[in-house]
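Take a look at the structure below.
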Amino acid sequence: MKLNFIKHRLVIIILGCIIMFSCILAFINLNRNNERAVEYSAYETTPNEAMPYSRIIDGNTHSTSVDLKSQNMLYIPSSTETIYLDYGLIDNSGDITEVLLQIYYDYELINFKVSDNEYSTQYAFDIKDGKKIKIPVHIDENALKDDNKIHKLLIVFTEGYNQNAAQFDRVTDEYGLNQIYDVVHTLDYSNEVYMEGEINKIIPKTNFEKSYSNLLLNLDYNNSEMKNKGGIINPEPSMQIEKNTQLPLMYNIDKYKVKNDCLIIITANYKPLKINENNYYQLIKLDGEKGTANGSINIMTPNKSGNYEIIGYVIRDPFKKQSSPDNIVDTSPRFTMVVTE
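Heads up, the final residue of the sequence shown is numbered 614 in the numbering used here, and it's a clean run with no missing numbers.
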């Protein structure tokens, strides 16, 4: 009788342990699923007359301390660390906007995955006016460099990625928001920013005294607008170019807050183009003065005919540790390159 009672108690204890263990596993799986899930929430702000729309962008990890985040730094100890990217939009239209997310690591486009999706260089999503999205991201482990240096993580959100500037009567640089972070993979990091060997620098041909645009690309090789009206001409919404041709582009860069250099990336349909037959980015040496740097670079046009959206990005002091609270990366007014046979 006593033996049967003991056996009965043991069965109850074992069943209790199994149930408790199952609950713990369920809780862990629930947290993991929550970490992997894309989340939407309300985004509310009060746009003013000068800014009739509003956007928000942010990035963080669980491992990043408040002190690091205040320096625009993210701690990513390994590829298993989840990076949470926030993007919100208010434009008072009530519409749904299609957005493309891309990530650059040390200024190279990389693979990442969202939730349980496959690794890719892009992630598309819809967002409704007045909403904010939180996207859990994991970077491909092959993209990360295991050292104690500071690396750069560029987050790019492009709105209306499936549209062409050629569909509209003017060009604009208001089509998304981009942000750059210093990234470390160890807390015992050096203050040295990683650089892939020696990078060729070019010097602007001209420097205008006034500031006109954060970054503007056009085909005005003689700066005719500057000579005629004292300004810089926007590119046309649509430009017809032959395929597989070396194309000179004029760049115009506002030199504000730049101590030494800036770096530009140019994409065609959201893929980086080689610049000056070199890397997929170009370093430009500035003179430390105010105004606008003006010069030319060469890109190769795509080898297939079609419509290509051309977008430029400018990163100021790209190989220095960030010292400013502003880590927004500016873009050029986008235009459509119509590539012909």
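Cβ coordinates follow ideal geometry from the N, Cα and C atoms, glycine included.
Per DSSP, K478 lies in no beta strand (DSSP E) and is assigned neither H nor E. Secondary structure remark: continuous beta strand (DSSP E) runs of at least 3 residues inside the region 416-467, in chain order: 424-432, 449-457. Exclusion of the five residues before and after K563 leaves E482, S484, K528, Y529 as the residues of its chain whose Cβ lies within less than 8 Å of its Cβ. Around the beta-carbon of E515, fewer than 16 other beta-carbon atoms lie within 10 Å, marking it exposed.
Note on geometry: alpha-carbon atoms of I428 and S497 lie some 35 Å from one another.
Using a Cβ distance threshold of 9 Å, D399 and D364 do not count as a contacting pair. If you draw a 10 Å sphere on the C-beta of D379, you find 16 or more other C-beta atoms in it, and that means buried. In the structure shown, V531 falls within a coil segment according to DSSP collapsed to helix, strand and coil. Secondary structure note for V339: its alpha helix (DSSP H) is the uninterrupted segment 339-343. Between I505 and L417, the gap from beta carbon to beta carbon reaches 9 Å or more. Scanning its chain for C-beta atoms nearer than 8 Å, with the 5 sequence neighbours on each side dropped, one finds around Y448 the residues T431, E432, G433, T604, R607, in chain order. For D461, the CB contacts under 7 Å within the same chain, skipping 5 residues up- and downstream, are N421 in chain order. For K386, the uninterrupted beta strand (DSSP E) segment begins and ends at 385-387. Separation of G367 and Y554 (C-alpha to C-alpha, rounded to the nearest whole angstrom) is 37 Å. K544 is classed as exposed because its beta carbon has fewer than 16 other beta carbons within 10 Å across all chains shown. Closest by C-alpha distance to P477, out of N580, K594, M346, N533, is N533. In the structure shown, K544 falls within a strand segment according to DSSP collapsed to helix, strand and coil.
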